[in-house]
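Chemist: Residue numbers (our numbering): 92 to 383. Here a beta-carbon is modelled for each residue, glycine too, at the ideal position from N, C-alpha and C. If you're wondering where the values come from, they're calculated on a predicted model, not measured in any experiment.
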């Protein structure tokens, strides 16, 4: 399946004669339709001004292809290896005892070894059968989000269980990983944006930053605060709700990039914005996305 085009911003600082290691902001949107972003659509229905602005000044990569579900892309990004080699060629169902193999070196492992501060926020979905396959065992110094593949945006219930975690420090497993009950009732896009901004504001600027921000949006179920859906009521049905979900994400993206600017990081940052796969058509839960 063709993934949504990624907007890639290469800072001019990277070509400086004595450039420092660049910060890396990697933003992954879940189940984003190929034709849904304002800059991409022939007849835009949804306003995404913050992402559009970076797309206009960056490079748009629209000729890359992925498996039609979440886990293969995420484990490929983390490992740099094709699904054929990771063994993960479809989404990881609830309760399954596999994930990205523990002997795989991840992007976060490599960047951590290179002196980066490494933080993950949002959706994981690269294995949860053991703490050893969760983010802080895979090179991330902190994680805030959910391990599973999908859940309610407000209650954070997935398969009958509550899934919202805060893991602080490398190898944060038993007796360290905390269940974030205080997140219940709060919309996940707000939660993940707020956490990403906190990570940026607390960052020690003497080190380069790698922030892996994997929004739950715009994966099913179709859920968004009414104030974000209201401007798109004319679209009707789940398309209107989906539009609200995407507009909310775009606002969050704008808040995160604004925090990067305020911290003085943006001029030396590689920004990558991508989907994990296109809008669901034959695999996973279908929502209001459009691939054409």
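For residue 174, which residues in the same chain have their Cβ closer than 7 Å to its Cβ, ignoring the five residues on either side in sequence?
Modeler: 158, 163, 167, 180, listed in sequence order.
Chemist: If I follow the unbroken beta strand (DSSP E) through residue 349, where does it start and stop?
Modeler: Run containing residue 349: none in the beta strand (DSSP E); it sits in the alpha helix (DSSP H), 328-353.
Chemist: Going by other Cβ atoms of all chains shown within 10 Å of its Cβ, with 16 needed for buried, is residue 226 buried or exposed?
Modeler: That one is buried.
Chemist: Return the first residue and the last residue of the beta strand (DSSP E) that residue 210 is part of.
Modeler: Where residue 210 is concerned, the enclosing beta strand (DSSP E) stretches over 208-214.
Chemist: Below 8 Å between beta carbons: does that hold for residue 233 and residue 258?
Modeler: Cβ distance < 8 Å, so residue 233 and residue 258 count as in contact.
Chemist: Can you tell me where the alpha helix (DSSP H) holding residue 200 begins and where it ends?
Modeler: First-last of the alpha helix (DSSP H) with residue 200: 198-204.
Chemist: Grouping DSSP H, G and I as helix and E and B as strand, with all else coil, what is residue 259?
Modeler: In the structure shown, residue 259 sits in a strand (DSSP, three-state: E or B).
Chemist: Please report how far the alpha carbon of residue 165 lies from the alpha carbon of residue 119, in whole angstroms.
Modeler: Each residue's Cα considered, the two are about 9 Å apart.
Chemist: For the candidate residues 315, 172, 340, whose alpha-carbon lies nearest to that of residue 245?
Modeler: Measuring from the Cα of residue 245, the nearest candidate turns out to be 315.
Chemist: If I follow the unbroken beta strand (DSSP E) through residue 391, where does it start and stop?
Modeler: Nothing can be reported for residue 391: it is not among the residues displayed for the chain, which extend from 92 to 383.
Chemist: With which residues is residue 269 paired in a DSSP beta bridge?
Modeler: The partner list for residue 269 (beta bridge, DSSP) reads 257.
Chemist: In the structure shown, what three-state DSSP assignment does residue 325 receive?
Modeler: Helix, per DSSP.
Chemist: Beta carbon of residue 334, beta carbon of residue 136: below 8 Å?
Modeler: It is a contact, given that the beta carbons lie within the stated cut-off.
Chemist: Any C-beta of chain C sitting closer than 8 Å to the C-beta of residue 169?
Modeler: Here chain C cannot be found, since the structure has a single protein chain.
Chemist: Whose CA, out of 111, 112, 121, 113, lies closest to the CA of residue 364?
Modeler: Nearest C-alpha to residue 364: 121.
Chemist: Run through the DSSP bridge pairs and tell me what residue 235 is partnered with.
Modeler: Paired residues: 212, 257.
Chemist: Return the CA-CA distance between residue 127 and residue 342, expressed in angstroms with no decimal places.
Modeler: Taking the straight line joining both Cα atoms gives about 15 Å.
Chemist: Opposite residue 114 in the DSSP bridges: which residues?
Modeler: Its beta-bridge partners are 360.
Chemist: Enumerate in chain order the residues of its own chain whose CB-to-CB distance from residue 220 is below 6 Å, with the five nearest sequence positions on each side excluded.
Modeler: Hits under 6 Å: 188.
Chemist: Give me the Cα-Cα distance between residue 195 and residue 207, rounded to the nearest whole angstrom.
Modeler: Cα to Cα, the separation comes out at about 19 Å.
Chemist: Kindly confirm or deny that the stretch 287-306 and the stretch 267-278 touch, where touching means at least three C-beta pairs closer than 8 Å.
Modeler: Judged by Cβ distances under 8 Å, the stretch 287-306 makes no contact with the stretch 267-278, as fewer than three pairs qualify.
Chemist: Taking 8 Å as the cut-off, decide whether the C-beta atoms of residue 198 and residue 217 are in contact.
Modeler: The answer is no: Cβ separation not under 8 Å.
Chemist: Report buried or exposed for residue 286, applying the criterion of at least 16 other Cβ atoms within 10 angstroms of its Cβ.
Modeler: That one is buried.
Chemist: Since I believe residue 346 is in contact with residue 309 (beta carbons under 8 Å), could you give me their beta-carbon distance rounded to a whole number of angstroms?
Modeler: Not quite, the Cβ-Cβ distance comes to about 17 Å (not below 8 Å), so this is no contact.
Chemist: When we look at the beta-carbon of residue 146 and count the other beta-carbons within 10 Å, is it buried (16 or more) or exposed?
Modeler: By the neighbour-count rule (16 or more Cβ atoms within 10 Å), residue 146 is buried.
Chemist: Determine the burial state of residue 184: buried for a count of at least 16 other Cβ atoms within 10 Å of its Cβ, exposed for fewer.
Modeler: Exposed is the call here.
Chemist: Any chance the CB of residue 260 is under 7 Å from a heavy atom of the ligand HEM?
Modeler: In terms of ligand content, the structure shown is empty, and the ligand HEM therefore cannot be addressed.
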